[in-house]
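Residue numbers (my numbering): 1 to 449. Every residue gets a Cβ at the ideal spot worked out from N, C-alpha and C, and that includes glycine. These figures come from a predicted structure and were not determined experimentally.
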Amino acid sequence: LFYAPWCGYCKKLEPVWQEVGAELTRSGSPVRVGKMDATAYSGVASDFGVRGYPTIKLLKGELAYNYKGPRTKDDIIEFANRVAGPAVRSLPSRQMFEHVLKRHSVLFLYVGGESPLKEKYTEVASELIVYTYFFSASEDVLPESVALHELPSVVVFKDGTYFTYDEYEDGSLSSWVNRERFQSYLPIDGFTLYELGETGKLVAIAVTDEKDPTERSGRLKGLIQRVAAEHRDQFNRDFQFGHMDGNDYINSLIMGEVSVPGIIILNTSNEQYFVPAEPVEDLEQLLRFFSSVLDGSAPAFGGDGIFQRIKRVAYDARSTVMSVFRSSPLLGCFLFGLPLGVISLMCYGICTAESDDDTDLMKKDGFTDEEEDEGEEEEQQQLTAAAEGEDDEDREKIDLVCVNFRTSLGAPHVTVLSYKSTQTQTLTVLKWKVFVLKINNHYCNNVPL
């Protein structure tokens, strides 16, 4: 077991992992159970291809088998015993064959003696034993109801019947075993969905509510079961059939909502999905829907394009925020309210920095706050006196105008300094006056004093 100390799923698995170790020890299994902190031994974890936590691997010789099934005691123990044993188990008697057949819903069996097919079968078993069991037997072990046209043969027993591997029709033995390792119709959950997708098939699901079954739910499940059983030759190579309780998991996959009861077809390889254009009412309508998916006439939704990836990031972020607030509102307020508060303070500081800069500029020009206030009062008094016509005889001719815009005074202002020229044409400051004039969005050129 590769784990990380901070991983919540690892902590949840810890007691189960302890029970697995104790049970395997009591049963005399050759499998030894241990765990490793992948954060402390990152090099070892990298060598074994560990990308997430927790990761369960069984080491057998030079091979490392990755466990992807449910994290329950019984499932992990069954995986350990299956992989630790021989890749191909021999069935010496008919009684043993019947016993094994009752225990396994899907059973692969090689029938015959030594041959190149058996060598290939053993190679495939070593590769795919993480998924299912592989057995071998002689022809006399089989019941009379099992009639093989030629030997050696590879047979899969499932769904109350058996199917024989045909190299010309079924392709490589590895691909055929991978496609046939599940029952044609089965209950589906989050763990099995992507295992079904690894078969390369589309997954056709009847979405139902098992807690509140309705007549329509039962009818849809029955229709899909009929397609799986009665139309195997037409659809088995491309479809895996089943039903799922509730639509929560499906909704999170498609970032939408599928009706309950309803039918959906998922392509887990590219995250596309297909839904009927109208509610399915009979078998013929369902068959037409499956055929339209195969021939490409049915519209595909979703996918793994750039737009869908951006949508997935936003959807996951929204789901995370909502789940945090639902489980712990106070924690949600702290996690998301604190950063927002910090950002707000930063924005406020940026917005007020300009006013502070204007104040500093005013002080650099030689004015303190008190001097500026006194200057404003004096300027206002002189402006009033000028408006009333005082000092008419001492009007001065403007030779130089200095304009200074001060935003710190509120509305735009113009500061005008008056100079008077002497007869010697030497510009000497004889007398100056300061006027502050408010302007309204236009340029003041010649200002009379």
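By the three-class DSSP mapping on this structure, what secondary structure does residue i have?
{"i": "Y133", "result": "coil"}
{"i": "I188", "result": "coil"}
{"i": "E372", "result": "Low per-residue confidence applies at E372: pLDDT is 47, beneath 50, and the placement is therefore not dependable, though the value from the model is reported in the following sentence. The answer is helix: DSSP assigns E372 an H, G or I state."}
{"i": "D245", "result": "strand"}
{"i": "D170", "result": "helix"}
{"i": "N270", "result": "coil"}
{"i": "Y165", "result": "coil"}
{"i": "K35", "result": "coil"}
{"i": "L1", "result": "coil"}
{"i": "V313", "result": "helix"}
{"i": "Q183", "result": "coil"}
{"i": "N81", "result": "helix"}
{"i": "R219", "result": "helix"}
{"i": "N66", "result": "strand"}
{"i": "A87", "result": "coil"}
{"i": "F48", "result": "coil"}
{"i": "L142", "result": "coil"}
{"i": "L151", "result": "coil"}
{"i": "Y208", "result": "According to the sequence shown, residue 208 is Thr rather than Tyr. DSSP places T208 in strand when its eight states are reduced to three."}
{"i": "Q423", "result": "Only weak support exists for where Q423 lies, its pLDDT of 39 falling under 50; the coordinates are left without a value."}
{"i": "G28", "result": "coil"}
{"i": "Y53", "result": "coil"}
{"i": "W6", "result": "coil"}
{"i": "K60", "result": "strand"}
{"i": "K158", "result": "strand"}
{"i": "F289", "result": "helix"}
Do the CB positions of residue i and residue j come within less than 8 Å of each other?
{"i": "S184", "j": "A147", "result": "no"}
{"i": "L91", "j": "V100", "result": "yes"}
{"i": "V258", "j": "I265", "result": "no"}
{"i": "L223", "j": "V280", "result": "yes"}
{"i": "V155", "j": "V111", "result": "yes"}
{"i": "L109", "j": "F157", "result": "yes"}
{"i": "G190", "j": "Y133", "result": "no"}
{"i": "R89", "j": "P143", "result": "no"}
{"i": "Y168", "j": "W176", "result": "no"}
{"i": "E139", "j": "L128", "result": "no"}
{"i": "A87", "j": "S126", "result": "yes"}
Skipping 5 residues on each side, what residues in its chain have a beta carbon closer than 7 Å to that of residue i?
{"i": "C10", "result": "Y3, A4, Y53, P54"}
{"i": "G302", "result": "I254, E271, Q272, Y273, Q308"}
{"i": "A38", "result": "F2, Y3, A4, A45, V50, Y53"}
{"i": "S27", "result": "none"}
{"i": "L13", "result": "P54, R71"}
{"i": "L361", "result": "With a pLDDT of only 45 at L361, under 50, the local geometry of the prediction cannot be trusted, and no value is derived from it."}
Measuring alpha carbon to alpha carbon, tell me which residue in the options is nearest residue i.
{"i": "Q18", "options": "L1, D159, D209", "result": "L1"}
{"i": "A298", "options": "V280, A314, Y273, L283", "result": "Y273"}
{"i": "L107", "options": "D295, S136, A80", "result": "S136"}
{"i": "V293", "options": "E14, G305, Q234", "result": "Q234"}
{"i": "S105", "options": "A40, V124, F79, T161", "result": "T161"}
{"i": "V141", "options": "E98, Y168, G8, G85", "result": "E98"}
{"i": "P276", "options": "L286, T268, C7, S174", "result": "L286"}
{"i": "K221", "options": "S175, E169, S252, D282", "result": "D282"}
{"i": "F290", "options": "A314, S344, L186, R232", "result": "R232"}
Indicate whether at least one CB of chain D lies closer than 8 Å to the CB of residue i.
{"i": "K221", "result": "Considering every chain present, this structure includes no chain D. It has just one protein chain."}
In its own chain, which residues sit with a C-beta less than 6 Å from the C-beta of residue i, not counting the 5 before and 5 after it?
{"i": "S217", "result": "T208, P261"}
{"i": "M244", "result": "I188, I205, V207"}
{"i": "L173", "result": "K120, V124"}
{"i": "K397", "result": "With a pLDDT of 40 at K397, under the threshold of 50, the modelled position of this residue cannot be trusted; read the value that follows with caution. So the list is empty, once near-sequence residues are dropped."}
For residue i, which residues of its own chain have a beta-carbon under 8 Å away from its beta-carbon, when the five flanking residues on both sides are left out?
{"i": "V20", "result": "V33, K73, I76, I77, A80"}
{"i": "S269", "result": "G197, G200"}
Can you tell me whether residue i sits near the ligand PLP, meaning its C-beta is under 7 Å from at least one heavy atom of the ligand?
{"i": "A87", "result": "As for the ligand PLP, it is missing from this structure, which has no ligand bound."}
Could you tell me whether the segment 41 to 60 touches the segment 166 to 182, where touching means 3 or more Cβ pairs closer than 8 Å? no
Decide yes or no for the touch test of the segment 28 to 43 against the segment 61 to 70: beta carbon pairs closer than 8 Å, at least 3 of them. no
Three or more beta-carbon pairs under 8 Å between the segment 239 to 258 and the segment 197 to 209, yes or no? yes
Taking three-plus beta-carbon pairs below 8 Å as touching, is the segment 197 to 216 in contact with the segment 138 to 157? no
Does the segment 70 to 83 come within contact of the segment 114 to 121, defined as at least 3 CB pairs closer than 8 Å? no
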